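Student: Residue numbers (this note's numbering), protein chains in the order written: chain A, 1 to 419; chain B, 1 to 226. Glycine is no exception: its CB is placed at the ideal position from the N, C-alpha and C atoms. As the structure is a computational prediction, the values presented were derived from the model and not from experiment.
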Amino acid sequence: MKPVNAFLRVRGLLGIAMGSLMKHRLRSLLSVLGIICGVAAVFAILSIGEGAKREVLAGISQLGLDNIIVRSIGSSEKRKADMKSHSAGLALEDVALLSKVPVSVKAVAYLKDIQAAVTGASRELSPQLVACSFNYLQLLGFIPSSGRLFVARDEHRKNMVCVLGATLARHLGSFGRVGTRLKIDEQIYLVVGIIQGNPPQDRKKSGAVVAREINDILFIPFGSHVYLNKQGSFGKGDELDEIIIKFSGRTPIESVLPLVKRTLDLSRHGVEDYQLIVPRQLLRQARKTQRIFNMVLGTIGGISLVVGGIGIMNVLLATVSERTREIGIRRAVGASREDILAQFLAESVLLTTAGGVIGLAVGVFCSWLIARFAGWSVAVTLYGILVPLLTSVAVGICFGLFPALKAAGMDPVQALRSA
Amino acid sequence: MSQTPLAKLENLTKDFVQGQTTVQVLKGIDLSVYHGDFTVIMGSSGSGKSTLLHILGCLDRPTTGTYILDGKPVDGLSDRRLSAIRNSYIGFVFQEFNLLPEATVYENIMLPFVYADLDISASRKRVLAAAEDVGLSNRLAHKPAALSGGERQRVAIARALAVRPRLILADEPTGNLDSQNSREILFLFEKLHRSGATIVLVTHDTEVARAARRTLFMRDGMLETP
């Protein structure tokens with residue numbers, strides 16, 4: 001067969017299929033309802049899953065994939081009890097020890113959560129206050145949107161300066177600018193920089209993620225917090241809440257983990273008053289969870305597509321017996337079995353593909369509704385579009401095959417005699 | 001009359017198996033149809049004449065015997081080859097017209113070309129010419145339901161003619177028509193015959209048989225020459 005004729009034949013086939021589907025519009029629509037629902041469900045699941053995944057991954061990435069985070073656990077009361085068993089919690093001594101770990105440690109940063117009131121324009125705010133080592137913000141990869149970050153001198157000299165998160169800066173109004181002075185617990189701090197966390201959207205819902213909401217925090221240099229009320233009164237050492245160890249790019253984090261653990265354990269006589277957070281492990285965990293989530297929900301969506309496919313098959317079988325005479329007529333004027341097979345398959349595929357396209361539209365609408373009213377983040381990927389669409393085509397082929405074979409296998413003479 | 005027959009059947013039989021019993025519908029048919037023949041096969045219903053026509057039209061296969069069409073044996077050909085033969089060699093006209101009810105007259109006449117290797121414009125020309133031949137040029141956009149019985153049958157004849165078949169096979173073409181329409185259809189067949197078409201027509205109507213050049217009788221699966 002010449003290619004031109006092959007093209008004409010395919011076009012003719014689609015024309016025939018289209019024509020017979022349009023003749024029974026209501027029936028066609030009803031029969032693809034299952035496919036529409038299935039595709040819409042699969043699309044919505046994939047885009048919601050993708051949105052959740054991106055949110056989680058962004059949160060984890062913010063912790064730094066080359067980092068290990070040591071976070072102190074337990075309330076101060078608990079720790080006080082632990083002190084009797086010879087542990088003072090995380091301290092600057094630990095930082096010094098960790099810096100000397102004989103692997104490729106790039107930098108060690110640390111921070112302490114502070115309770116203090118900040119006086120802005122007219123109202124008093126109590127934002128999250130963090131006293132951090134001068135290198136903390138650089139280590140997490142922040143770039144000031146205005147002003148500067150801390151430098152080593154700020155920490156050594158206990159300079160009364162601060163860096164604001166962007167959201168907090170906005171709340172402070174005219175006080176939230178570089179060069180203004182803020183009152184923190186009766187002390188005056190100079191605003192030297194403002195940072196914008198990325199991505200800026202609210203990430204509190206992904207509770208599993210331990211990233212801080214940078215945009216809401218007021219940072220002061222570690223050391224300068226001793227001037228504030230209630231601080232520095234914990235006796236000998238200044239307890240830290242978090243130590244961040246950054247390793248150079250290609251360090252296998254898992255293999256240095258035991259070393260970090262041993263270093264920490266040495267100074268605290270086996271008291272486990274800290275928790276190790278490895279973002280790279282969290283990432284792997286999150287990906288795995290996401291895969292399982294997608295698989296489970298995808299399977300449910302897949303089942304609805306199969307159910308939709310059964311509906312299609314049912315309708316097509318009825319159509320085939322209804323159109324027996326048409327099959328006979330077509331055979332008499334020269335249609336081969338393959339032609340009949342192709343015709344019914346084309347109808348089936350056309351039906352399910354149309355259902356797939358409508359389903360995608362419904363899915364997009366549903367995702368939009370969910371994003372709008374439930375506030376979940378939704379992300380559309382090419383994969384999220386292609387998977388349900390190709391599945392609907394596949395359903396058309398699979399479930400159209402049996403009715404099409406039945407049509408093609410009819411004896412033409414018998415078919416012509418049918419009522 | 002040319003020497004080699006267009007269609008030649010030799011000792012042809014056809015059995016139908018119905019459950020436990022086997023019914024022999026055709027019991028050894030010998031028949032030669034030559035180019036330009038107008039052959040009428042008469043017989044009572046159930047005599048096997050429709051089955052014979054189906055076999056001549058490659059719509060059914062004989063149980064035993066040979067069928068040589070245009071010098072080539074048809075036995076054992078694949079479904080695809082037989083379909084191609086039906087498409088380009090054979091034109092069927094049925095008692096029940098067998099038009100697609102949802103399609104227009106034009107689309108019905110176009111139907112064989114869906115399965116033919118002929119480009120669209122050539123196909124369209126042939127469809128229009130065939131409609132012209134049967135006098136339905138002004139009815140192309142109508143659906144069969146809007147036509148009279150005689151007109152419907154003329155659509156079916158146009159559909160059979162359009163592919164320019166070697167052999168036109170008609171199974172009781174006037175069976176569902178009144179006498180007026182029957183005469184018109186017969187007149188159409190005579191016209192086709194005069195223009196050189198080869199026709200095999202099956203009927204039990206003696207009126208129809210009179211139009212033929214050659215009449216054969218079929219009784220209990222055997223052909224008898226009068």
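Which residue wins for smallest C-alpha separation from residue 185 (chain B), given the options B:38, B:11, B:90, B:154?
Tutor: Checking every option, the nearest Cα to that of residue 185 (chain B) belongs to B:154.
Student: Can you pull the chain B residues whose beta carbon is under 8 Å from the beta carbon of residue 284 (chain A), in chain order?
Tutor: Within 8 Å Cβ-Cβ: nothing; residue 284 (chain A) doesn't reach chain B, min ~56 Å.
Student: Just by C-beta distance, which residues in the segment 40–67 of chain B are closer than 9 Å to chain A?
Tutor: Flagged, chain order: 50, 51, 54, 57, 59, 60.
Student: Among the candidates A:280, A:376, A:302, A:349, whose CA atom is the shortest distance from the CA of residue 313 (chain A)?
Tutor: Looking at the Cα atoms, A:349 is the closest of the given residues.
Student: Give the DSSP-derived three-state secondary structure of residue 43 (chain B) in the structure shown.
Tutor: It is a strand residue.
Student: Is residue 121 (chain B) buried or exposed, if buried means 16 or more other CB atoms sit within 10 Å of its CB?
Tutor: Looking at its Cβ environment, which holds fewer than 16 other Cβ atoms inside 10 Å, residue 121 (chain B) is exposed.
Student: DSSP on residue 142 (chain A), reduced to helix/strand/coil?
Tutor: Looking at residue 142 (chain A) - three-state DSSP - the assignment turns out to be coil, as it is neither helix nor strand.
Student: Quick one: is residue 112 (chain B) near chain A, going by C-beta distance under 9 Å?
Tutor: Yes, because at least one Cβ of chain A sits closer than 9 Å to the Cβ of residue 112 (chain B).
Student: Once the 5 residues before and after residue 332 (chain A) are set aside, which same chain residues still bring their CB inside 8 Å of it?
Tutor: Hits under 8 Å: 412, 416.
Student: Helix, strand or coil for residue 261 (chain A)? Go by DSSP, reduced to three states.
Tutor: Residue state, collapsed to three classes: helix.
Student: Taking only the alpha-carbon atoms, compute the straight-line gap between residue 25 (chain B) and residue 190 (chain B) and give it to the nearest angstrom.
Tutor: Answer to the nearest angstrom: the Cα atoms are 30 Å apart.
Student: Exposed or buried, which one is residue 21 (chain B) when buried takes at least 16 other CB atoms within 10 Å?
Tutor: When all chains shown are included, residue 21 (chain B) counts as exposed.
Student: By Cβ distance, which residues of its chain are closer than 6 Å to residue 123 (chain B), with the 5 residues on each side in sequence left out?
Tutor: Closer than 6 Å at Cβ, skipping near neighbours: 113.
Student: Could you tell me which whole beta strand (DSSP E) segments of length 3 or greater appear in the segment 144–196 of chain A?
Tutor: Runs found: 144–147, 161–165, 181–184, 187–195.
Student: Taking all protein chains shown into account, do 16 or more other C-beta atoms lie within 10 angstroms of the C-beta of residue 206 (chain B), making it buried, or fewer, making it exposed?
Tutor: Label assigned to residue 206 (chain B): exposed.
Student: Following the continuous alpha helix (DSSP H) through residue 288 (chain A), name the residue where it begins and the one where it ends.
Tutor: 279–322 is the extent of the alpha helix (DSSP H) around residue 288 (chain A).
Student: Do residue 75 (chain B) and residue 14 (chain B) have their C-beta atoms within less than 9 Å of each other?
Tutor: No, these two residues do not count as a Cβ contact at 9 Å.
Student: Show which residues of chain A have a CB atom less than 8 Å away from the CB atom of residue 100 (chain B).
Tutor: Going along chain A in sequence order, the residues near residue 100 (chain B) (Cβ under 8 Å) are 326, 329.
Student: Whole angstroms are fine: how far does the CA of residue 161 (chain A) sit from the CA of residue 186 (chain A)?
Tutor: Answer to the nearest angstrom: the Cα atoms are 14 Å apart.
Student: Rounded to the nearest angstrom, how far is the Cβ of residue 311 (chain A) from that of residue 31 (chain A), given a contact under 8 Å?
Tutor: The pair is a contact, with the Cβ atoms about 6 Å apart (cut-off 8 Å).
Student: Quick one: which unbroken alpha helix (DSSP H) runs of 4-plus residues sit fully inside the segment 24–99 of chain B? Chain order, please.
Tutor: If we require 4 residues or more, the alpha helix (DSSP H) runs fully inside the segment 24–99 of chain B come out as 49–56, 79–89.
Student: Which residue or residues does DSSP assign as beta-bridge partners of residue 171 (chain B)?
Tutor: B:202, per the DSSP bridge assignment.
Student: Restricting to Cα atoms, I'd like to know which of A:53, A:27, A:99 is closest to residue 264 (chain A).
Tutor: It is A:99 whose Cα lies nearest to the Cα of residue 264 (chain A).
Student: Buried or exposed: which applies to residue 138 (chain B), given that a residue is buried once 16 or more other Cβ atoms fall within 10 Å of its Cβ?
Tutor: Exposed: under 16 other Cβ atoms inside 10 Å.
Student: Taking all protein chains shown into account, decide if residue 156 (chain A) is buried (16 or more other Cβ within 10 angstroms of its Cβ) or exposed.
Tutor: With fewer than 16 Cβ atoms within 10 Å of its Cβ, residue 156 (chain A) is classed as exposed.
Student: Name, please, each residue of chain B whose Cβ falls closer than 9 Å to the Cβ of residue 23 (chain A).
Tutor: Under the 9 Å cutoff, chain B gives 102.
Student: Could you please give the first and the last residue of the uninterrupted alpha helix (DSSP H) stretch that includes residue 72 (chain A)?
Tutor: Where residue 72 (chain A) is concerned, there is no enclosing alpha helix (DSSP H), although the beta strand (DSSP E) it sits in stretches over 67–72.
Student: If you follow the alpha helix (DSSP H) that residue 108 (chain B) is part of, which residue opens it and which one closes it?
Tutor: First-last of the alpha helix (DSSP H) with residue 108 (chain B): 105–114.
Student: Would you kindly work out how many angstroms separate the C-alpha atoms of residue 320 (chain A) and residue 284 (chain A), rounded to a whole number?
Tutor: Looking at the two C-alpha atoms, the distance is approximately 51 Å.
Student: Identify the continuous beta strand (DSSP E) that holds residue 13 (chain B) and give its terminal residues.
Tutor: It spans 7–18 - the beta strand (DSSP E) in which residue 13 (chain B) sits, taken as one unbroken run.
Student: Do you know how far the Cα of residue 292 (chain A) is from the Cα of residue 201 (chain A)?
Tutor: At residue 201 (chain A) the pLDDT is 45, less than 50, meaning the model places this residue with poor confidence and gives no usable figure here.
Student: To the nearest angstrom, report how far apart residue 43 (chain B) and residue 209 (chain B) are at their CA atoms.
Tutor: Near 11 Å, if we compare the C-alpha coordinates of residue 209 (chain B) and residue 43 (chain B).
Student: So the candidates are A:404, A:227, A:304; which of them puts its Cα closest to the Cα of residue 116 (chain A)?
Tutor: Cα-wise, what sits closest to residue 116 (chain A) is A:227.
Student: So for residue 218 (chain B), helix, strand or coil by DSSP?
Tutor: DSSP places residue 218 (chain B) in strand when its eight states are reduced to three.
Student: Using the DSSP secondary-structure output, state which residues sit across from residue 132 (chain A) in a beta bridge.
Tutor: In DSSP, residue 132 (chain A) forms a bridge with A:111, A:221.
Student: Please state the DSSP three-state secondary structure of residue 32 (chain A).
Tutor: Residue 32 (chain A): coil per DSSP, three-state reduction.
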